[in-house]
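Single-structure report; data block below.
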Amino acid sequence: MLKIFRTLLGLMLIAVTMLAFTGCGGGSTASGTVFYLSHQDGDGFTDMIRKSFSDKAKAAGIPVEYRDAKGDVNMQIDQMKEAIAAKPSAIVLLAVEGTALVPMVEKANEAGIPIIITNRGLNGGKYLSCMVDEKQAGIMQGEYMAKHLPPNAKVVYLEGEKGFEGSVLRWQGFKEACLDKRPDVQLLASTSANWRTSDALRNVALWTKLFPQIDGVIAANDSMAVGAVQALKDAGRLDGCLISGVDAVDEALKLIDAGEMSQTVQQDANALADGTFKLVDSCLKGTIPTENIVVEFKSITKDNIAQFRK
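Residues 1 to 310 (UniProt numbering) are what the sequence shown spells out, left to right.
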């Protein structure tokens with residue numbers, strides 16, 4: 001009997017360990033509600049993910065509490081505290097900052113609350129993820145520019161948020177696929193425009209005054225690419241300048257259709273929302289997902305815009 005008891009105890013400990021590791025412990029104390037914590041609403045792409053996730057949750061009858069950190073990491077830490085105290089069945093987290101949120105993620109792990117991340121990475125804690133390979137987006141931008149830029153071209157680059165992993169990886173991908181393979185292409189300037197249209201417009205407007213030749217503007221997201229288009233229009237410099245962005249937001253698709261933007265790399269918001277919802281739904285049903293979900297990027301240009309036009 002003692003041997004049987006020890007065997008059963010061992011099996012129970014293995015099961016508990018598996019639940020803790022995946023972050024999908026749930027448990028009888030879970031409220032049945034999901035908390036969805038966004039790093040910042042009002043960003044076109046982030047809003048697309050949230051709306052798609054919300055539609056899926058409503059259709060499934062899953063109650064969701066939404067919080068917007070407005071880009072403030074301290075506010076999001078407080079929102080995580082609120083969420084953990086509410087004992088939800090899961091927390092969807094789009095982190096303001098990948099390191100500062102780790103202690104709160106670890107507290108959620110200790111409480112057996114599943115953490116599912118999307119769009120923004122984390123540097124620690126246990127979680128499930130539905131993400132993209134950020135470097136792939138930069139590679140696609142670089143390949144497009146390397147193929148279409150004229151000889152001895154001059155380009156400028158609009159970075160995303162400083163220190164943010166996605167911004168770093170998109171730049172690395174572009175550099176490897178274009179600048180390293182086309183030594184004749186000169187990078188005139190590079191700066192962070194913080195993913196924002198207004199910051200990009202201001203920076204590109206300055207560059208049009210500093211540089212008499214700009215053959216390409218590469219932006220780490222579409223919001224910045226849209227700002228670049230406007231700045232070049234204002235300066236009468238849009239014709240002949242290749243402009244590339246990432247996300248495939250509606251405005252970027254319209255600009256490509258109009259011939260004012262050259263490329264966007266689609267980060268599929270619906271696919272990210274769908275994968276995130278599937279992970280959440282599995283946790284709510286007590287099924288432990290065994291793999292994270294990776295969503296592929298797609299390059300969109302004038303040649304294939306008809307497939308993506310809404």
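Think of the CB as a built atom: it goes at the ideal place given N, C-alpha and C, for glycine as much as any other residue.
| Item | Value |
| --- | --- |
| CB contact flag (ILE214, ILE256, <8 Å) | no |
| Distance, PRO183 Cα to VAL217 Cα | 17 Å |
| Alpha-carbon to alpha-carbon, ILE84 and LEU101 | 13 Å |
| Proximity of LEU253 and CYS241 at Cβ, strictly below 8 Å | no |
| C-beta contact flag for LYS147 and LEU188 at 8 Å | no |
| Simplified DSSP state of ASP184, which is helix, strand or coil | coil |
| Separation of GLY42 from ALA57, as counted between CA atoms | 20 Å |
| Any 3 or more C-beta pairs closer than 8 Å across the segment 60-76 and the segment 85-99 | yes |
| The segment 280-290 / the segment 69-76 touching (three or more Cβ pairs under 8 Å) | no |
| Simplified DSSP assignment, three categories, for SER52 | helix |
| Stretch-stretch touch, CB-based, cutoff 8 Å, three pairs: the segment 110-118 with the segment 269-287 | yes |
| Whole-number beta carbon distance between SER190 and TYR157, since they are thought to touch under 8 Å | 4 Å |
| Beta-carbon proximity list for ASP199, same chain, < 6 Å, skipping 5 on both sides | ALA193 |
| Exposure of GLU97, with buried meaning 16 or more beta-carbon neighbours within 10 Å | buried |
| PHE174 - containing alpha helix (DSSP H), residue span | 165-174 |
| Cβ neighbours of ALA15 in the same chain (closer than 8 Å, five flanking residues each side left out) | The predicted position of ALA15 is uncertain, since its pLDDT is 41 and thus under 50; a value taken from the coordinates is nonetheless stated next. Excluding sequence neighbours, ALA15 sits near nothing in its chain. |
| Whether ALA137 touches GLN267 by CB criterion (8 Å) | yes |
| MET145, enclosing alpha helix (DSSP H) - first and last residue | 134-148 |
| Contact check, GLU176 vs SER167, beta carbons under 8 Å | no |
| Cβ-Cβ distance between CYS130 and GLY236 below 8 Å | no |
| Cutoff 7 Å; reference LEU169; Cβ partners in own chain excluding five residues on either side | GLU134, LYS135 and GLY138 |
| Inter-residue Cα distance where the pair is ALA108 and ASP303 | 47 Å |
| Terminal residues of the alpha helix (DSSP H) in which SER299 lies | Unbroken run through SER299 is the beta strand (DSSP E), 298-301; no alpha helix (DSSP H). |
| VAL249, buried or exposed, once every other Cβ within 10 Å from all chains shown has been counted against 16 | buried |
| Distance CB(THR118)-CB(LEU238) smaller than 8 Å | no |
| Buried versus exposed, by CB contacts within 10 Å (16 or more), ASP247 | buried |
| Bridge partner(s) assigned by DSSP for VAL265 | VAL246 and SER299 |
| ILE305 - DSSP class collapsed to helix/strand/coil | helix |
| Burial state of VAL132 (16 or more Cβ within 10 Å) | buried |
| CA-to-CA distance, LYS181 to ARG196, given in whole angstroms | 29 Å |
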